[in-house]
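Below you'll find the structure, written out as structure tokens, and then a few comments.
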Amino acid sequence: ALEDGKYDNSTHTSTFGADFEWNDWRVEARLNYTETENNTHLPIPRSVGGAVAASYDVTDVLNPQLNLFEVGTQNPINAADIEFALDLAILVDFGMDTEATKIKFDAERDLELFGADSTLKVGFMTDRRDAEGGSAIAFGGFPADVNIASFATSNLWDTDFENTIGGVYYDNPGLINAWGASVGSLTAPFDPDSLVGIEEDIFAAYAMVTHQFDWGNFTWGARQEYTDYTSSGPDLGIAVSDDFGDFLPSAHLNYDVADDVKLRVSASTGLSRPTYTEWRASAIVDPGERTAVGGNPTLEAETTWGLDASLEWYYAPSSLLSVAAFSRQVDNVIYADVVRVDGGLYIPSEAGNIYDLTGFANGADGELTGIEFNFIGQATDLLPSPFDGFGVSFNHTALDSEFATLNGRRFPLPGTSDGITNASLFYEKWGLSARINYMWRDAWLSGTESDQLAEFWDEQERVDFSVRYILPESLTGNTQVTLFGNVNNLTDEQDLRFIGSPATPNQYEGYGRFWVVGLRLDI
8 ALEDGKYDNS
18 THTSTFGADF
28 EWNDWRVEAR
38 LNYTETENNT
48 HLPIPRSVGG
58 AVAASYDVTD
68 VLNPQLNLFE
78 VGTQNPINAA
88 DIEFALDLAI
98 LVDFGMDTEA
108 TKIKFDAERD
118 LELFGADSTL
128 KVGFMTDRRD
138 AEGGSAIAFG
148 GFPADVNIAS
158 FATSNLWDTD
168 FENTIGGVYY
178 DNPGLINAWG
188 ASVGSLTAPF
198 DPDSLVGIEE
208 DIFAAYAMVT
218 HQFDWGNFTW
228 GARQEYTDYT
238 SSGPDLGIAV
248 SDDFGDFLPS
258 AHLNYDVADD
268 VKLRVSASTG
278 LSRPTYTEWR
288 ASAIVDPGER
298 TAVGGNPTLE
308 AETTWGLDAS
318 LEWYYAPSSL
328 LSVAAFSRQV
338 DNVIYADVVR
348 VDGGLYIPSE
358 AGNIYDLTGF
368 ANGADGELTG
378 IEFNFIGQAT
388 DLLPSPFDGF
398 GVSFNHTALD
408 SEFATLNGRR
418 FPLPGTSDGI
428 TNASLFYEKW
438 GLSARINYMW
448 RDAWLSGTES
458 DQLAEFWDEQ
468 ERVDFSVRYI
478 LPESLTGNTQ
488 VTLFGNVNNL
498 TDEQDLRFIG
508 SPATPNQYEG
518 YGRFWVVGLR
528 LDI
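If you're matching positions, the sequence shown starts at 8 in our numbering and goes up one per residue.
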């Protein structure tokens, strides 16, 4: 399958605010409106029914060797030389518009409470989100007067992987233009009955008090949230509505062990609602890849409660050494499950073709515990100028987690690694900020397959570099001008996804190095 897709994404946001004092209260009020549009247009020529002989060598599963031959001969051919029995035309159009209106009000005042100097903070927030969109898929024969093979170029794929099949680039824009000129329009007919909609209303109110003492401070409070949502879509033919409320208390203790040593202890609760993709009452279908992602409008929000403790030593004015331990209990864990279904469920002409459907479900009995080490050291405490701009930071987190799927099988929490390490070497002085970052993380769960096998991303490493320079005010006046550059994946790492163990990979990918340079104006 070939494609030359068009992806249009835009976000427009406006915020109005007011900060003022009223009697003894300090007040902040905000009104925000955000409109987001996401549109996808995918015209996909697809050739099927080709015959080829092949030899393969998977001794190295990360570098498989596949060679193509004419059927019944030992004459080698390339992928572009395969003759197909049928050329198909697939049109996929998808759009989603989201409108969000948020009102936020916060107020605080100082007072004496329980014999201690205290600060009382109260506030509320309303957040209304409306998302509406739909998809259209057209599937038929490709126009006979357009020869797909004639758009193959002689340029081999530019890849760091083996290209033993002789894959070449196609003139995709030229092919799509010829297709459009032949049929007159490349727009899939849109069915109004296919509209997908999600309406979400959230109201939250909180109150918290911070007491100041000679030995530190203590903060306690609570947040009450109320959620009302409706999710509708063509796949289920119904609209699912629900509402729920959550009471979320918390308490935080900061104790000054010494002038440069602090002990922090906290107990907290939290809430994480499903994303729109997870909550939608429909599926996003990709016939080119034979995949579908389906939402689950009956998902429940994840809820957590946990304990945290940390000890921090500020051994120099700009430096820190700390250790922290934490534990979380997670209910209604949201996880992805992959099943294989008949493509005719979504596209009648795809009946008999097997699609991978990714769906979402709520697990149970989620647990997460961990310990974290942090170090920040700056040369400003040790070296004279200009070397005092150098610094280093290091962070390592060790985690242990698990949850139970619907079938009672236990896996690590999705997206959590057993170990994560971040380290940076930086220089910051005279408007210049340069930083080289190293990141390593252990393997983590991305989903389950038929609720039986675990799908993991293998461990990853990244080295990135970034630099910023703010031009002197003597050159720019009241406008702050920042020159910046980023280089991601300096060491050109590649990523592996596997089922069960790295010996059974199902995806191996690399995107090379990524460069960004630019200019930013703050007026």
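Backbone N, C-alpha and C fix where the C-beta goes; we use that ideal spot for every residue, glycine too.
From residue i to residue j, what does the alpha carbon distance come to, in whole angstroms?
{"i": "Ala290", "j": "Leu118", "result": "54 Å"}
{"i": "Thr284", "j": "Gly301", "result": "8 Å"}
{"i": "Met446", "j": "Ile110", "result": "38 Å"}
{"i": "Leu314", "j": "Ser273", "result": "6 Å"}
{"i": "Gly507", "j": "Pro421", "result": "15 Å"}
{"i": "Ala107", "j": "Tyr236", "result": "14 Å"}
{"i": "Leu163", "j": "Asn170", "result": "8 Å"}
{"i": "Thr226", "j": "Asp263", "result": "15 Å"}
{"i": "Arg297", "j": "Thr311", "result": "36 Å"}
{"i": "Ala25", "j": "Arg37", "result": "7 Å"}
{"i": "Thr486", "j": "Leu526", "result": "12 Å"}
{"i": "Ala156", "j": "Phe397", "result": "57 Å"}
{"i": "Ala188", "j": "Asp407", "result": "58 Å"}
{"i": "Ala60", "j": "Pro71", "result": "16 Å"}
{"i": "Leu193", "j": "Tyr434", "result": "53 Å"}
{"i": "Ser248", "j": "Gly174", "result": "49 Å"}
{"i": "Tyr518", "j": "Thr166", "result": "9 Å"}
{"i": "Thr376", "j": "Gln336", "result": "9 Å"}
{"i": "Ser326", "j": "Phe382", "result": "8 Å"}
{"i": "Lys128", "j": "Ala258", "result": "14 Å"}
{"i": "Leu460", "j": "Glu516", "result": "21 Å"}
{"i": "Glu309", "j": "Ser279", "result": "5 Å"}
{"i": "Tyr322", "j": "Leu328", "result": "7 Å"}
What first and last residue would you give for the beta strand (DSSP E) that runs through residue i?
{"i": "Tyr40", "result": "32–55"}
{"i": "Thr511", "result": "No beta strand (DSSP E) holds Thr511; DSSP gives it neither H nor E."}
{"i": "Thr483", "result": "Careful: Thr483 lies outside any beta strand (DSSP E), inside the alpha helix (DSSP H) at 480–483."}
{"i": "Ala371", "result": "371–385"}
{"i": "Leu328", "result": "326–338"}
{"i": "Gln467", "result": "467–477"}
{"i": "Asn170", "result": "First-last for Asn170: undefined, no H or E at that position."}
{"i": "Asn16", "result": "13–29"}
{"i": "Gly140", "result": "123–148"}
{"i": "Arg347", "result": "341–349"}
{"i": "Gly422", "result": "Element bounds for Gly422: n/a, residue is neither H nor E."}
Counting C-beta neighbours from all protein chains within 10 Å, is the total for residue i 16 or more, i.e. buried, or is it exposed?
{"i": "Phe168", "result": "exposed"}
{"i": "Ile97", "result": "buried"}
{"i": "Ile530", "result": "exposed"}
{"i": "Gly240", "result": "buried"}
{"i": "Glu28", "result": "exposed"}
{"i": "Asp221", "result": "exposed"}
{"i": "Asp100", "result": "buried"}
{"i": "Thr423", "result": "buried"}
{"i": "Thr282", "result": "exposed"}
{"i": "Gly454", "result": "buried"}
{"i": "Asp152", "result": "exposed"}
{"i": "Val292", "result": "buried"}
{"i": "Ser62", "result": "exposed"}
{"i": "Leu93", "result": "exposed"}
{"i": "Phe121", "result": "exposed"}
{"i": "Glu462", "result": "buried"}
{"i": "Leu482", "result": "exposed"}
{"i": "Asn303", "result": "buried"}
{"i": "Ser142", "result": "buried"}
{"i": "Arg520", "result": "exposed"}
Closer than 7 Å: is that where the CB of residue i sits relative to any heavy atom of the ligand FMN?
{"i": "Asp100", "result": "Ligands displayed in this structure: none; no statement on the ligand FMN is therefore possible."}
My understanding is that residue i touches residue j, with C-beta atoms under 8 Å, so please give their C-beta distance in whole angstroms.
{"i": "Thr234", "j": "Asp250", "result": "6 Å"}
{"i": "Gly438", "j": "Pro479", "result": "7 Å"}
{"i": "Leu255", "j": "Arg230", "result": "4 Å"}
{"i": "Gly204", "j": "Glu232", "result": "Wrong, their Cβ atoms sit about 22 Å apart, outside the cutoff."}
{"i": "Asp134", "j": "Ile209", "result": "4 Å"}
{"i": "Leu95", "j": "Phe149", "result": "6 Å"}
{"i": "Phe505", "j": "Ile354", "result": "Contact flag wrong, Cβ pair sits at about 30 Å."}
{"i": "Glu409", "j": "Glu374", "result": "6 Å"}
How is the alpha helix (DSSP H) around residue i delimited, first residue to last?
{"i": "Glu531", "result": "A query on residue 531 cannot be resolved here, the shown segment of the chain reaching from 8 to 530 and no further."}
{"i": "Ala188", "result": "179–190"}
{"i": "Ser273", "result": "No alpha helix (DSSP H) holds Ser273; the beta strand (DSSP E) holding it covers 268–279."}
Under 8 Å, Cβ to Cβ, is there at least one residue of chain B near residue i?
{"i": "Ala107", "result": "This model lacks chain B altogether, as it is built from one protein chain only."}
(message) Closer than 8 Å is the cut-off here; do at least three beta carbon pairs connect the stretch 113–129 with the stretch 50–70?
(response) no
(request) Count the CB pairs spanning the stretch 339–347 and the stretch 380–399 that are closer than 8 Å, and state whether there are at least three. (result) no
(message) Across the stretch 438–448 and the stretch 410–418, are there enough close Cβ pairs to call them in contact, namely three or more that are closer than 8 Å?
(response) no
(request) Indicate whether the contact test is met: 3 or more Cβ pairs, each with one atom in the stretch 396–413 and one in the stretch 427–434, closer than 8 Å. (result) Flag = yes, the stretch 396–413 and the stretch 427–434 touch.
(request) Decide if the stretch 488–498 is in contact with the stretch 460–476; the criterion is three or more beta carbon pairs, one per stretch, under 8 Å apart. (result) yes
(request) Could you tell me whether the stretch 180–187 touches the stretch 203–217, using the rule of 3 or more Cβ pairs below 8 Å? (result) No, they do not touch.
(request) Pair every Cβ in the stretch 18–33 with every Cβ in the stretch 48–57, then say whether three or more of these pairs are closer than 8 Å. (result) no
(message) So, does the stretch 320–340 touch the stretch 366–377, judging by three or more C-beta pairs under 8 Å?
(response) yes
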